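Just so we're aligned: the sequence shown equals residues -10 to 218 in this note's numbering. For glycine and all other residues, C-beta sits at the position ideal for the given N, C-alpha and C. All of these numbers come straight from a predicted model, not from anything done at the bench. Report on the following structure.
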Amino acid sequence: MKNEESVLIVRNVYKSYQNDGLKVEVLKGVSFSVAKGEMVAIMGPSGAGKSTLLNIIGTLEYPDSGEILIGGRNPFKLSDAELAAFRNKEIGFVFQFHHLLPEFSALENVMIPSIIYSDEYSESKKRAIEILCEVGLSERLNHRPNMLSGGERQRVAVARALINDPGLVLADEPTGNLDVENGDRLMELLLKINRDIGTTFIIATHNPEVAERADRIIYLRDGMIIDEK
Ligand SMILES: Nc1ncnc2c1ncn2[C@@H]1O[C@H](COP(=O)(O)OP(=O)(O)OP(=O)(O)O)[C@@H](O)[C@H]1O
Ligand SMILES: [Mg+2]
-10 MKNEESVLIV RNVYKSYQND GLKVEVLKGV SFSVAKGEMV AIMGPSGAGK
40 STLLNIIGTL EYPDSGEILI GGRNPFKLSD AELAAFRNKE IGFVFQFHHL
90 LPEFSALENV MIPSIIYSDE YSESKKRAIE ILCEVGLSER LNHRPNMLSG
140 GERQRVAVAR ALINDPGLVL ADEPTGNLDV ENGDRLMELL LKINRDIGTT
190 FIIATHNPEV AERADRIIYL RDGMIIDEK
């Protein structure tokens, strides 16, 4: 289809949910593609379907119809075990709430996705330390999440998303739980990673200031793309 450089192709995706026997159409034929190294923002009002779309791209949910290709592969054709491995390797997630494991240190939280499918403990540790330094947390390696500030926790979550060097990082309202200053810092960090490493990002946000810093903004409303710029 479009070009081989597309990290992601979304083609005519539909998704509905049953709520109390009532069918709610959440995505109604969404199509777009994202080139390698792009930073794309998805904006739209509450209920527009942003999180649903990211969850489908992240292979956490299946579309009713349509397809997605990540790095040229259709993840929904994989077996469950293959899909779990694919997701772990190819996709990084950053959510509004950090979802760090409370009983583990920052370093351990970042290492977890990389040790699941590898025996290279010392390599994982080295890489996790490098990334935590990159996100400005070299002096917080052994802090548990409750010993970190909100902004720091979110930076640990970013480091965890990057540990396996994924082709695609999905961020759902990554600044939604931060004050303006920490939100700006987090966005600066994502832009720096995008610039330095060339990581491809898709960021769902309500915040026009966050969206404006992306290469491209896709506007979603009532489950359809209504504009793009
Ligand atoms: N698991 C579910 N079961 C039923 N309905 C759902 C489910 N998940 C989402 N929905 C419905 O789908 C619609 C879109 O939800 P979604 O979370 O994708 O919106 P959003 O654009 O991310 O909104 P927000 O900006 O508030 O995060 C909403 O009307 C929601 O109620
Ligand atoms: Mg949402």
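- The beta carbon of L43 sits closer than 6 Å to the beta carbons of L159, D161 and A193 from its chain, once the five residues preceding and following it are set aside; these are given in chain order.
- Assigned with DSSP and collapsed to three states, K39 falls in helix.
- For E217, there is no enclosing alpha helix (DSSP H); the residue is part of the beta strand (DSSP E) that begins and ends at M213 to E217.
- With contact defined as three or more Cβ pairs closer than 8 Å, the segment 71 to 83 and the segment 136 to 152 are in contact.
- Between S127 and V2, the alpha-carbon positions lie close to 41 Å from each other.
- With a cutoff of 9 Å on beta-carbon distance, T48 and L11 are scored as not near each other.
- For the pair of segments examined, the segment 146 to 154 was found to touch the segment 109 to 124: the number of CB pairs separated by less than 8 Å reaches three.
- A distance of 9 Å or more separates the beta carbons of L89 and K114.
- A straight line joining the alpha-carbon of A117 with that of E177 spans about 20 Å.
- For Y6, the Cβ falls inside the 8 Å cut-off from some heavy atom of ligand 1.
- Taking the Cα positions, D154 is about 8 Å away from E79.
- Counting along the chain, no alpha helix (DSSP H) covers M136, and no H or E run does either.
- Following the DSSP letters along the chain, one finds K12 in no alpha helix (DSSP H) but inside the beta strand (DSSP E) bounded by residues L11 to A24.
- When secondary structure is reduced to three states using DSSP, Q143 falls in the helix class.
- For S103, the enclosing alpha helix (DSSP H) begins and ends at A95 to I104.
- If you ignore the 5 residues before and after Y6, its C-beta comes within less than 8 Å of the C-beta of K12, V13 and V15, all in its own chain and listed in chain order.
- For S(-5), the uninterrupted beta strand (DSSP E) run begins and ends at S(-5) to N8, by DSSP.
- In this structure, A30 lies near V199, with their beta-carbon atoms less than 9 Å apart.
- Taking non-hydrogen atoms of ligand 1 into account, the C-beta of P34 is found less than 8 Å away from one of them.
- The C-beta of A70 has fewer than 16 other C-beta atoms within 10 Å across all chains shown, which makes the residue exposed.
- When the Cα atoms are used, P91 and N135 turn out to be separated by approximately 7 Å.
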